[in-house]
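Each residue of the sequence shown is one higher than the one before, starting from 1 at the first, in my numbering.
Cβ coordinates follow ideal geometry from the N, Cα and C atoms, glycine included.
For reference, the structure is listed below as structure tokens.
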Amino acid sequence: MKPITSYLSIIALILALSTGFGCDNAQKRQSAEGDKTAKRVHISVGTAPTGGAFFVVGGAIASVVGDNNSEAGWEVTAESTKGTQENIRRLASGELEFALANAAISYFAVRGEGAWKTKHPIRSVMTLAPNVGLFITPQSSGIRKIQDFAGKRIVVGPAGAGFEYFLEPILSAHGITYEDFSPLNSHYTGAADLLADGAAAAAFMGGAIPTPAVTYASTSQDIFFIPFDETAKQSLFETYPFFNAMTIPAETYQGQTEPFASLNVGSMHLITAETVDEKIVYEFTKILYTHRAEVVKIHKAGKAINPTNIVKNVGTPFHPGAIRYYQEIGIWNE
Numbered sequence: 001m002k003p004i005t006s007y008l009s010i011i012a013l014i015l016a017l018s019t020g021f022g023c024d025n026a027q028k029r030q031s032a033e034g035d036k037t038a039k040r041v042h043i044s045v046g047t048a049p050t051g052g053a054f055f056v057v058g059g060a061i062a063s064v065v066g067d068n069n070s071e072a073g074w075e076v077t078a079e080s081t082k083g084t085q086e087n088i089r090r091l092a093s094g095e096l097e098f099a100l101a102n103a104a105i106s107y108f109a110v111r112g113e114g115a116w117k118t119k120h121p122i123r124s125v126m127t128l129a130p131n132v133g134l135f136i137t138p139q140s141s142g143i144r145k146i147q148d149f150a151g152k153r154i155v156v157g158p159a160g161a162g163f164e165y166f167l168e169p170i171l172s173a174h175g176i177t178y179e180d181f182s183p184l185n186s187h188y189t190g191a192a193d194l195l196a197d198g199a200a201a202a203a204f205m206g207g208a209i210p211t212p213a214v215t216y217a218s219t220s221q222d223i224f225f226i227p228f229d230e231t232a233k234q235s236l237f238e239t240y241p242f243f244n245a246m247t248i249p250a251e252t253y254q255g256q257t258e259p260f261a262s263l264n265v266g267s268m269h270l271i272t273a274e275t276v277d278e279k280i281v282y283e284f285t286k287i288l289y290t291h292r293a294e295v296v297k298i299h300k301a302g303k304a305i306n307p308t309n310i311v312k313n314v315g316t317p318f319h320p321g322a323i324r325y326y327q328e329i330g331i332w333n334e
């Protein structure tokens with residue numbers, strides 16, 4: 001009987017050890033999974049109010065990077081904000097990791113000029129689509145040029161968005177100032193509704209082509225695209241580096257049968273804070289560039305994510321993490 005007893009004892013020992021190893025491995029797996037969850041990093045991307053291209057493009061960027069960063073383990077979300085000025089301040093305070101901004105406003109912020117009292121430590125990550133600006137008005141308003149704004153109620157963009165950085169020069173070049181009319185603040189979709197209700201005579205809108213709010217306005221009412229004076233445009237080009245000519249192709253918006261000579265009032269660009277870790281910026285840039293075709297599926301502005309455009313200098317220094325990736329793929333110009 002002793003051999004049988006010994007044999008059974010050995011089997012029991014093996015089973016006990018196997019169970020122990022199994023439990024230990026399970027605990028290790030659970031621990032590893034717990035560590036992975038604990039190390040998960042939340043990344044916020046600041047955009048702009050709903051109705052503009054910034055909101056859509058920013059959401060697309062967050063979605064694409066969020067869906068393609070399994071190794072980094074990031075949770076990436078887009079946040080609707082008041083726009084560039086809020087984004088710059090929240091980057092500086094650490095509330096956002098990335099954000100979209102208008103290059104004209106960034107230009108002054110990083111230098112501490114204009115209404116910016118101090119230099120803001122922001123850095124460019126990627127130059128994106130032109131920010132194509134235009135004024136629209138109902139066909140029935142009688143307004144046919146910018147000088148006709150005098151004495152009227154004009155929507156000049158969301159409060160706190162910083163549009164005055166490029167609108168004041170535009171208006172001045174046309175011989176008119178904010179004091180000559182009644183400025184109204186509204187996000188783009190709201191501006192279209194104000195025009196339809198007769199509460200505003202004209203509205204400024206801008207963003208990548210096509211801008212959702214302009215599409216909305218043109219399909220809900222008959223609108224007129226107010227032309228920019230050619231002499232005024234040339235003056236702007238000579239004075240400010242962030243202005244340049246842009247043409248909106250015919251049929252981009254309902255009722256727009258001819259190409260419209262518009263203005264780039266400061267390109268959209270992706271920015272971050274100087275203090276954001278170089279590895280994070282490098283990986284974010286790499287993922288976004290690698291999966292850029294997915295952004296295009298959401299908004300045509302994604303076509304601007306190309307090797308020639310993304311490294312364009314718009315007046316804000318690039319972050320070292322972005323530079324490192326661009327050098328790696330051979331598109332960075334020293």
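| Item | Value |
| --- | --- |
| Residues that DSSP places opposite L288 in a beta bridge | DSSP lists no partner for L288. |
| Cβ shell of F55 (< 7 Å), same chain only, five flanking positions each side left out | T47, A48, P49 and S80 |
| Per-residue burial, Q147 [other beta carbons within 10 Å of its own, 16 or more giving buried] | exposed |
| Simplified DSSP state of R144, which is helix, strand or coil | coil |
| Distance, F181 Cα to G151 Cα | 5 Å |
| The alpha helix (DSSP H) enclosing L171, as first and last residue numbers | E164 to A173 |
| G58 beta carbon less than 9 Å from that of E165 | A quick correction: the sequence has Tyr, not Glu, at residue 165. Result no, Cβ atoms of Y165 and G58 do not sit closer than 9 Å. |
| Buried or exposed by the 16-neighbour rule on C-beta atoms within 10 Å, applied to A78 | buried |
| Extent of the continuous beta strand (DSSP E) to which G133 belongs | V132 to P138 |
| Classification of I329 by the beta-carbon crowding that lies within 10 angstroms, buried from 16 upward | exposed |
| Any 3 or more C-beta pairs closer than 8 Å across the segment 117 to 128 and the segment 312 to 320 | yes |
| Short Cβ contact (9 Å threshold) for A53 with H299 | yes |
| As assigned by DSSP and simplified to three states, the class of A273 | strand |
| Buried versus exposed, by CB contacts within 10 Å (16 or more), R144 | exposed |
| Own chain partners of K356 with C-beta closer than 7 Å, once the 5 adjacent residues on each side are dropped | Because residue 356 is not part of the residues shown, which for the chain are 1 to 334, the question remains open. |
| Selected residue, minimal CA-CA separation from I310, among A293, E294, Y289 and R324 | Y289 |
| CA nearest to the CA of Y188, picked from D222, V155 and S220 | V155 |
| Residue from R324, V314 and L263 with nearest C-alpha to K279 | R324 |
| Every unbroken alpha helix (DSSP H) inside the segment 178 to 252 [4 residues or more] | 188 to 197, 212 to 220 and 230 to 239 |
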